[in-house]
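Trainee: One structure follows; several queries about it will come next.
Protein chains in written order, with the numbering used here: chain A, 1298 to 1412; chain B, 47 to 160.
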């Protein structure tokens, strides 16, 4: 079974631009979560989508948004990019939501550099 | 609120030596705990997870972790380090009030010397 895929793998943007990242979960998985990884803040939860609905949200500004499609693929968007948005963005998929025991399977990430 | 603290941002061991990576948690409810590994330029891979029941959890690649409620710890061990174990390791706790969310420690980079 193919793992979680994320595109693109690398991205360079300038301040003020917007960016869209894509995540395709493992086949059959319906939950997609997004995390931001930076050297200073570590791994931080952005949001989770399940059945095309945002189910959970972390403490990030409204510039960070996402959506999920009927095939469970998810996109996250960051508008008005800031230098501090430079990070590795990880997507994780799981079978379902609402279960703290669930295993989340991570993709390789998209590395975003904001200049 | 749940939180995780990993003691030691860098750990260096010789090949064949014991690996011990420390993780302490804070939780107001019985925790669900995880260890993930991240190799350079890759995502996170699950090593093992603790649910309830047996306190010694065996994972992949020869790793295991022991849940000690009295010490609020979930340390990761491996009897004999391999060069291929060099990576960054993350301890995480699942937030029961926000079930999409894993709360991660700051990570420990494991260096294995020949």
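Every residue gets a Cβ at the ideal spot worked out from N, C-alpha and C, and that includes glycine.
Note that this is a predicted model, so its numbers are computed, not measured.
1. What does the Cβ neighbour count give for residue 1399 of chain A, buried or exposed, with the cut at 16 atoms within 10 Å?
2. Compare the C-beta of residue 89 of chain B with all C-beta atoms of chain A and state if any pair is closer than 7 Å.
3. Whole angstroms are fine: how far does the CA of residue 1412 of chain A sit from the CA of residue 1309 of chain A?
4. Relative to the alpha-carbon of residue 117 of chain B, which residue among B/82, B/80, B/135, B/68 has its alpha-carbon at the smallest distance?
5. Which residues in chain A sit within 8 Å of residue 152 of chain B, going by Cβ to Cβ distance?
6. Inspect the beta-carbon positions of residue 1402 of chain A and residue 1383 of chain A and report whether they are closer than 7 Å.
7. May I have the straight-line CA-CA distance separating residue 52 of chain B from residue 1356 of chain A, to the nearest angstrom?
8. Please say whether residue 136 of chain B and residue 150 of chain B have beta carbons closer to each other than 7 Å?
9. Within 10 angstroms of its Cβ, does residue 1345 of chain A collect 16 or more other Cβ (buried), or is it exposed?
Mentor: On the basis of the coordinates in this document:
1. Here residue 1399 of chain A refers to the residue found at position 102 of the first chain. For residue 1399 of chain A, the number of other beta carbons within 10 angstroms of its own is at least 16, and it is reported as buried.
2. Looking up residue 89 of chain B in the second chain gives position 43. Judged by the 7 Å Cβ criterion, residue 89 of chain B is in contact with chain A.
3. Position 12 of the first chain holds residue 1309 of chain A. Position 115 of the first chain holds residue 1412 of chain A. Computed Cα separation, rounded: 7 Å.
4. To locate residue 117 of chain B, count along the second chain from 1; it is residue 71. Ranked by Cα distance from residue 117 of chain B, the first of B/82, B/80, B/135, B/68 is B/68.
5. The residue you call residue 152 of chain B lines up with position 106 of the second chain. Residues of chain A passing the Cβ test: 1339.
6. Taking the first residue of the first chain as position 1, residue 1402 of chain A is located at position 105. Taking the first residue of the first chain as position 1, residue 1383 of chain A is located at position 86. It is not a contact, given that the beta carbons lie outside the stated cut-off.
7. Sequence index remark: in the second chain, residue 52 of chain B carries index 6 (1-based). Sequence index remark: in the first chain, residue 1356 of chain A carries index 59 (1-based). Cα to Cα, residue 52 of chain B sits roughly 22 Å from residue 1356 of chain A.
8. For the purposes of this step, residue 150 of chain B is identified with residue 104 of the second chain, where counting begins at 1. For the purposes of this step, residue 136 of chain B is identified with residue 90 of the second chain, where counting begins at 1. The beta carbons of residue 150 of chain B and residue 136 of chain B sit closer together than 7 Å.
9. As a working note, residue 1345 of chain A is residue 48 in the first chain. It counts as buried.
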